[in-house]
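Numbering (this note's numbering), first residue to last: 118 to 255.
Ideal Cβ placement from N, Cα and C applies to all residues, glycine included.
The structure under discussion appears below in the form of structure tokens.
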């Protein structure tokens, strides 16, 4: 593979991670408050409160991905190996984010959203990376 293709693949992966991390959080918010799957005890909080933490969540998780060398295209072994690293990094990122939201006391974030995000983020990110890797082969 040419160096240019490595660069384009890295750009696609970074862009895909940004989109899927944010989509995973927003989907978790929807599942928690609008899907009807879980009972609501305290009403529905404003989406704006959750959108406000998306930039911080995205940066934290992407820095953890970077620290795990997930943006080096040449280090790819398999999507399974990447998936394990993605799960570990998103778990760490969500724990950091949850701890920081407990310090911020102007708004109480739903732990349910974070729990659902623990499932949706790795799923969305892995799906995006799988599609990018398949597209890279053609």
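Buried versus exposed, by CB contacts within 10 Å (16 or more), residue i
| i | result |
| --- | --- |
| residue 151 | exposed |
| residue 172 | exposed |
| residue 168 | exposed |
| residue 257 | Given that the chain is displayed from residue 118 to residue 255, the structure contains no residue 257 and the question cannot be resolved. |
| residue 178 | buried |
| residue 224 | exposed |
| residue 160 | exposed |
| residue 219 | exposed |
| residue 211 | buried |
| residue 72 | The structure shown does not extend to residue 72, since the chain is modelled only from 118 through 255, so no value can be given for it. |
Residue i - containing alpha helix (DSSP H), residue span
| i | result |
| --- | --- |
| residue 182 | 171-184 |
| residue 214 | 196-220 |
| residue 164 | 164-168 |
Backbone CA spacing between residue i and residue j [nearest angstrom]
| i | j | result |
| --- | --- | --- |
| residue 234 | residue 142 | 6 Å |
| residue 133 | residue 246 | 7 Å |
| residue 197 | residue 149 | 28 Å |
| residue 216 | residue 174 | 12 Å |
| residue 145 | residue 232 | 8 Å |
| residue 122 | residue 147 | 36 Å |
| residue 135 | residue 182 | 11 Å |
| residue 188 | residue 129 | 10 Å |
| residue 251 | residue 238 | 20 Å |
| residue 206 | residue 241 | 14 Å |
| residue 270 | residue 243 | Here the chain has residues from 118 to 255 only, and residue 270 is not among them. |
| residue 249 | residue 131 | 11 Å |
| residue 204 | residue 138 | 12 Å |
| residue 154 | residue 221 | 28 Å |
When the options are compared against residue i, the one with the closest alpha-carbon
| i | options | result |
| --- | --- | --- |
| residue 228 | 157, 126, 125 | 157 |
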